[in-house]
Amino acid sequence: MAQAGLLDGHRATCHWEDAEAFSRRFPSVNLVPDRYAISAPFATTGGASPCIDLMLHLITCRHGRALSERVASAFIYDPLHTGDAPQQMIATTRISSKHPRIARVLKQMENLIDSPPTIAALARANGISTRKLELEFKAATGRAPGRYFLELRLSEARRRAIDSAQNVQEIALACGFTSQASLARAFRQAFGQSISALRRHH
Numbered sequence: 000m001a002q003a004g005l006l007d008g009h010r011a012t013c014h015w016e017d018a019e020a021f022s023r024r025f026p027s028v029n030l031v032p033d034r035y036a037i038s039a040p041f042a043t044t045g046g047a048s049p050c051i052d053l054m055l056h057l058i059t060c061r062h063g064r065a066l067s068e069r070v071a072s073a074f075i076y077d078p079l080h081t082g083d084a085p086q087q088m089i090a091t092t093r094i095s096s097k098h099p100r101i102a103r104v105l106k107q108m109e110n111l112i113d114s115p116p117t118i119a120a121l122a123r124a125n126g127i128s129t130r131k132l133e134l135e136f137k138a139a140t141g142r143a144p145g146r147y148f149l150e151l152r153l154s155e156a157r158r159r160a161i162d163s164a165q166n167v168q169e170i171a172l173a174c175g176f177t178s179q180a181s182l183a184r185a186f187r188q189a190f191g192q193s194i195s196a197l198r199r200h201h
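Spelled out as structure tokens, the structure:
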């Protein structure tokens with residue numbers, strides 16, 4: 000659809016691994032990191048399970064929640080995610096079994112979003128060198144730890160922008176940014192729009 004120009008000016012999503020290449024190739028598409036995106040008449044999803052989320056959403060809209068819940072039950076699927084929930088960037092169960100130390104680091108990052116330690120401090124807390132943490136983290140997740148941590152904090156900032164009435168300064172503090180300006184710069188770079196513009200669209 001993007002190649003045909005149909006998505007130009009529309010919100011759309013794709014799998015997070017393809018997002019960078021997609022946005023370079025199709026700059027006219029408003030790419031979002033959501034599980035699924037509906038921009039009539041088009042709907043796009045970021046992966047297999049978001050397709051089920053989208054299907055259940057469409058059934059709910061057309062036929063009500065009762066039928067949607069029966070369909071989810073038939074799929075043995077617990078519908079937890081809205082469309083604008085950010086894609087989970089890594090499969091945490093796989094990480095836990097193969098890379099338990101990195102699973103611990105990921106949990107520490109989640110718990111310290113409001114006061115993010117340096118990667119060196121995380122390495123020290125886990126008894127390894129910064130270099131070893133970087134290598135293990137990249138092997139487990141395909142990302143550098145600093146990059147992942149920033150994306151995690153920005154994802155939380157986006158969630159708060161949509162789901163809460165917090166002002167930008169409060170969101171910045173809650174997500175570990177030293178100032179409103181530093182959050183604003185990082186947010187625009189990541190999502191292509193300001194927090195206020197995102198709120199207007201929601």
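Under numbering that gives the first Met the number 0, the first residue of the sequence shown is numbered 0, with each subsequent residue one higher. Even for Gly, the Cβ is constructed at its ideal location relative to N, Cα and C.
Test item: CB-CB of residue i and residue j under 8 Å
i: PHE136; j: VAL104; result: yes
i: LEU132; j: ALA122; result: yes
i: ILE112; j: GLU68; result: no
i: LEU182; j: ALA189; result: no
i: THR12; j: THR59; result: no
i: LEU149; j: ALA185; result: yes
i: LEU6; j: ALA18; result: no
i: PHE41; j: MET0; result: yes
i: ALA205; j: ILE94; result: Because the chain is modelled from 0 through 201, residue 205 falls outside the range shown and cannot be assessed.
Residue i versus residue j: straight-line alpha-carbon distance, rounded
i: PRO26; j: ALA102; result: 34 Å
i: PRO49; j: HIS9; result: 19 Å
i: ILE195; j: ARG159; result: Inspection of the sequence shows that residue 195 is occupied by Ser rather than by Ile. Answer to the nearest angstrom: the Cα atoms are 12 Å apart.
i: GLN165; j: ARG146; result: 25 Å
i: LYS106; j: ARG34; result: 21 Å
i: GLY4; j: GLY45; result: 19 Å
i: ARG130; j: ALA124; result: 14 Å
i: PRO99; j: PRO32; result: 27 Å
i: GLU169; j: GLN192; result: 18 Å
i: THR117; j: ARG157; result: 22 Å
i: MET54; j: SER163; result: 26 Å
i: LEU197; j: ILE127; result: 40 Å
i: GLN2; j: ALA65; result: 38 Å
i: SER114; j: GLY175; result: 5 Å
i: ALA71; j: LEU151; result: 29 Å
One or two residues paired with residue i in a DSSP bridge
i: SER38; result: PHE41
i: ARG10; result: ASN29
Start and end residues, alpha helix (DSSP H) containing residue i
i: GLU169; result: 167–173
i: LEU197; result: 194–200
i: ALA3; result: Looking at the DSSP string, ALA3 is not in any alpha helix (DSSP H), and its letter there is neither H nor E.
i: LEU55; result: 47–62
i: PHE21; result: 18–24
Inset, instruction - Could I get the ranges of all uninterrupted alpha helix (DSSP H) runs contained in the region 117–182, with 4 residues as the minimum, in chain order? - result: List check, alpha helix (DSSP H) in window: 118–124, 129–140, 144–162 and 167–173.
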